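Student:
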Amino acid sequence: MSDAASQTSKSSADDGVPTAVRKRPKPGERRIQILQTLAAMLEQPGAERITTAALAAKLEVSEAALYRHFASKAQMFEGLIEFIEQSVFSLVNQIAEREPSGTSQAGKVVLMLVQFAEKNPGMTRVMVGDALVFENDRLQQRMNQFFDKIEASLRQSLRDGASATPTVDAQVRATALTAFVMGRLQRYARSGFRRLPSEHLENSLALML
75 MSDAASQTSK
85 SSADDGVPTA
95 VRKRPKPGER
105 RIQILQTLAA
115 MLEQPGAERI
125 TTAALAAKLE
135 VSEAALYRHF
145 ASKAQMFEGL
155 IEFIEQSVFS
165 LVNQIAEREP
175 SGTSQAGKVV
185 LMLVQFAEKN
195 PGMTRVMVGD
205 ALVFENDRLQ
215 QRMNQFFDKI
225 EASLRQSLRD
235 GASATPTVDA
245 QVRATALTAF
255 VMGRLQRYAR
265 SGFRRLPSEH
275 LENSLALML
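Letter by letter, the sequence shown follows residues 75 to 283 of the numbering used here.
(1) Going by C-alpha distance, which of A170, M201, Y141 is nearest R258?
(2) Smallest Cα separation from R268: which of R104, G102, P119?
(3) Taking 8 angstroms as the cut-off, decide whether the C-beta atoms of Q179 and S231 are in contact.
(4) Spatial neighbours of Q214 within its chain, please: CB distance less than 6 angstroms, with the 5 preceding and 5 following residues excluded, ordered by chain position.
(5) Counting along the chain, where does the alpha helix (DSSP H) carrying T252 start and finish?
(6) Measure the Cβ-Cβ separation of L140 and M197 and say whether it is below 8 angstroms.
(7) Distance, Cα to Cα, A131 vs L109?
(8) Quick one: is V246 buried, meaning 16 or more other Cβ sit within 10 Å of its Cβ, or exposed?
(9) Under 8 angstroms Cβ to Cβ from K182, same chain only, skipping five residues before and after it: list those, please.
(10) For L187 versus V135, is the C-beta distance shorter than 8 angstroms?
(11) Could you say which of A263, N167, A244 lies nearest to A191 if we only look at CA atoms?
(12) Hey, E225 and A248 are a contact pair by Cβ (cut 8 angstroms); roughly how many whole angstroms apart?
(13) Would you mind working out which of F151, V162, G102 sits nearest S227, comparing C-alpha positions?
(14) So A250 packs on M282, CB below 8 angstroms; how close in whole Å?
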């Protein structure tokens, strides 16, 4: 090595400029990264059961690093469920504010759910329970409550405009619409995300509403 090259190398070392630095994410950022990676893994075929070892390998961290942010894998799934609940019910409220009550409002809620599922296939596996089969029972119960709330929102949308109380017809329609959405999401997940839940959606809603 020439004296000039040696001097240049020494100067760089003295300046303390690293050649490659791996930036460590902040705790909050790492939590989000873990949930995003888990959701992405759920989009893959045969991903109904994901181990923490596989998740850690995907993130290139140790399993212990995962447990610094989440007490258990169930807590990771709870993080995904919270995202689903906050996203969906925020949109339900927006639709209720913009659209007059009736079949149009109910149809918009169904359309929103279908679009959310298509944009978030990994989340769809959580919504229909396929990703929760081997997990804590309370997770499935929470998703059951999610769809109970959806049905209640649809009942409210379909109530008679002159009455604050949903009619029997509104209750029957809300139950049918909820079952329809759940069926579409299950077919989407179990077809490997090939059968889109929005398939013939407009015609299907026209028949039910």
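Every residue, glycine too, gets a C-beta built ideally from N, C-alpha and C.
This one's a predicted model, so the numbers in the text were calculated from it and none came from an experiment.
Tutor: Let me spell this out:
(1) M201
(2) P119
(3) yes
(4) G203, L206
(5) 242-264
(6) no
(7) 14 angstroms
(8) exposed
(9) I169, E173
(10) no
(11) A263
(12) 5 angstroms
(13) V162
(14) 6 angstroms
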